[in-house]
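Asks:
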DNA sequence: GCGTTTTTGTTGAGCGTTCAACTAAATGGC
DNA sequence: GCCATTTAGTTGAACGCTCAACAAAAACGC
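Chains as they are written, first to last, in our numbering: chain S, 1256 to 1408; chain A, 1256 to 1408.
And the structure:
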């Protein structure tokens, strides 16, 4: 027999709605700012960041997809756009002929370097400035727990 | 002279990345589940929820936009889809001839009622089950603080 | 009243994401 | 070695969102 639904109690309800409101507003604000100041959405900024941190500023497409938490398809479309913008170049992989290596171009790096200060300022303003140090710590633990729980690891 | 960027320190960096990973994974999981089980994205589910809670299961478009934290344009496009699905109907507003009133249809209500248990179960599984009661409380406070900070109130 | 401004809601184009289908190459079983 | 399976990456269609432009009605100023 089907188990009765465990509905959210009023506190959980309140938590869930506040979470939805906050996280949506946060991502929308950062997305809008990045679009305005750097001409790219937050997801593309993240791709450039990951590439900039990798050795030789390059990563296999699948590793990049993993790192940015995106599907292969999404990354493939994104790489096409980023390549058209001149920020990324795709090269053949010497050890695996199926593979493609995404490389951050100098122009891509420069664009990222120009966008980073404003974006970091936005993250500060919208997120960290609003929270106490203890809350930042709580948010870290909560997020790490959830991330582990959700990505099955 | 331009102020030096206050970069994120390692703890903030870690917090921010964990937050991004967790919130993206959470919303993607819920979105995928709702799409699979109810044939609608999470944003549309929220619209139906708000309508179902309103008196007469109806709301002015602008109030509905406010309640769901969406732009008028987004809601307008969404309402068109929801109307095509037969879940929502739009009526003229008697007191303001510019106005439109979104009404949840019986079919929309039934669809929502069918989708709700599975969705709530998903929210439990992916979010509340992973956190301690204390963490749920912390998340509520953090989210409410951020929501107030971000929506300027 | 009457012109200006504001509010309400819609529209269409462009973009990014998802999903399913697909190609090509590597891996594994026997 | 060879066939089946798995993995890497791309593609196109459908969909939802953003943004800017717009039409229509209400509110405001005087």
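The beta carbon of each residue, even a glycine, is placed where N, CA and C say it ideally should be.
On a predicted model such as this, the values are computed, not experimentally measured, just so you know.
What span of residues does the alpha helix (DSSP H) with residue 1257 (chain A) cover, start to end?
Replies: For the purposes of this step, residue 1257 (chain A) is identified with residue 2 of the second chain, where counting begins at 1. From DSSP, residue 1257 (chain A) is part of no alpha helix (DSSP H); its letter is neither H nor E.
Asks: Below 7 Å between beta carbons is the criterion; list the residues of the stretch 1305-1327 of chain A that meet it against any residue of chain S, in chain order.
Replies: Cβ contacts with chain S come from 1324.
Asks: Measure how close the beta-carbons of residue 1323 (chain A) and residue 1305 (chain A) come, nearest whole angstrom, since I'm counting them as under 8 Å.
Replies: Counting from one through the second chain, the residue named residue 1323 (chain A) turns up at place 68. Counting from one through the second chain, the residue named residue 1305 (chain A) turns up at place 50. Right, their Cβ atoms sit about 6 Å apart.
Asks: Of all the beta strand (DSSP E) runs that stay within the bounds of the stretch 1321-1371 of chain S, which reach a length of 3 or more residues?
Replies: Qualifying beta strand (DSSP E) stretches, in chain order: 1343-1347 and 1355-1359.
Asks: Kindly confirm or deny that the stretch 1287-1296 of chain A and the stretch 1308-1322 of chain A touch, where touching means at least three C-beta pairs closer than 8 Å.
Replies: The stretch 1287-1296 of chain A, when compared against the stretch 1308-1322 of chain A, does not touch it at the 8 Å Cβ threshold.
Asks: Of all the CB atoms in chain A, is at least one closer than 8 Å to the CB of residue 1267 (chain S)?
Replies: Translated into positions along the first chain, residue 1267 (chain S) becomes position 12. Interface residue, yes.
Asks: Would you kindly report the start and end of the unbroken alpha helix (DSSP H) that includes residue 1312 (chain A)?
Replies: Within the second chain, the letter at position 57 stands for residue 1312 (chain A). First-last for residue 1312 (chain A): undefined, no H or E at that position.
Asks: Using the three-state DSSP reduction, which class does residue 1406 (chain A) fall into: helix, strand or coil?
Replies: As a first step, residue 1406 (chain A) is located in the second chain; it is residue number 151 there, counting from the start. Residue 1406 (chain A) falls in the coil class under three-state DSSP.
Asks: Measuring only from the beta carbon, is residue 1400 (chain A) closer than 7 Å to any heavy atom that is part of the ligand HEM?
Replies: Looking at this structure, you won't find the ligand HEM or any other ligand, since it has none at all.
Asks: Counting contacts by CB-CB distance shorter than 8 Å, is residue 1274 (chain A) in contact with chain S?
Replies: Counting from one through the second chain, the residue named residue 1274 (chain A) turns up at place 19. Residue 1274 (chain A) counts as touching chain S.
Asks: So, with DSSP's three-state summary, where would you put residue 1281 (chain A)?
Replies: Indexing the second chain from 1 puts residue 1281 (chain A) at position 26. Three-state result, residue 1281 (chain A): helix.
Asks: Is residue 1375 (chain A) closer than 8 Å to residue 1260 (chain S) when the C-beta atoms are compared?
Replies: Indexing the first chain from 1 puts residue 1260 (chain S) at position 5. Indexing the second chain from 1 puts residue 1375 (chain A) at position 120. Against a cut-off of 8 Å, the Cβ pair of residue 1375 (chain A) and residue 1260 (chain S) comes out as a contact.
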